[in-house]
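**Student:** Here's a structure for you.
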Amino acid sequence: MPEELAPVAALCRESAKIGMSVGMIDARPAAVIRARTRPSEWITVGVAGELFEWRGDGNRHSVRDPAGAAVRILEQISS
1495 MPEELAPVAA
1505 LCRESAKIGM
1515 SVGMIDARPA
1525 AVIRARTRPS
1535 EWITVGVAGE
1545 LFEWRGDGNR
1555 HSVRDPAGAA
1565 VRILEQISS
């Protein structure tokens, strides 16, 4: 697996563990994450490779903590 996909794969694993539907897009790299009947959320890795980013102000989380990022994403898309 290319190095730039590793954080996305880790986020997908952690998101699936807490019940979200996940998919990977290796051309970006990005993850598409969905919680039940909610719209999908695209999560990308920032240019520096250190942060997951998704829509909205301040929606960033360290790639070193994919489990924490998964929880934050779930909280946001479930609200």
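Position 47 of the sequence shown, counting from 1, maps to 1541 under the numbering used here, and the rest follow consecutively.
Just so you know, even glycine gets a beta-carbon here, dropped at the ideal spot from N, CA and C.
(1) Going by other Cβ atoms of all chains shown within 10 Å of its Cβ, with 16 needed for buried, is residue 1535 buried or exposed?
(2) Can you tell me where the beta strand (DSSP E) holding residue 1573 begins and where it ends?
(3) Grab me the residues of residue 1504's own chain with a C-beta within less than 8 Å of its C-beta, minus the 5 sequence neighbours each way, in chain order.
(4) Mind checking whether residue 1523 and residue 1539 have CB atoms under 8 Å apart?
(5) Provide the residue(s) that pair with residue 1539 in DSSP beta bridges, ordered along the chain.
**Tutor:** Based on what the coordinates show:
(1) Locating residue 1535 in the sequence shown gives position 41, counting from the first residue. Buried is the call here.
(2) Translated into positions along the sequence shown, residue 1573 becomes position 79. Run containing residue 1573: none; DSSP gives neither H nor E here.
(3) On the sequence shown, position 10 is the one that residue 1504 refers to. Closer than 8 Å at Cβ, skipping near neighbours: 1557, 1560.
(4) Taking the first residue of the sequence shown as position 1, residue 1523 is located at position 29. Taking the first residue of the sequence shown as position 1, residue 1539 is located at position 45. With a cutoff of 8 Å on beta-carbon distance, residue 1523 and residue 1539 are scored as near each other.
(5) For the purposes of this step, residue 1539 is identified with residue 45 of the sequence shown, where counting begins at 1. Looking at the DSSP assignment, residue 1539 forms a beta bridge with 1546.
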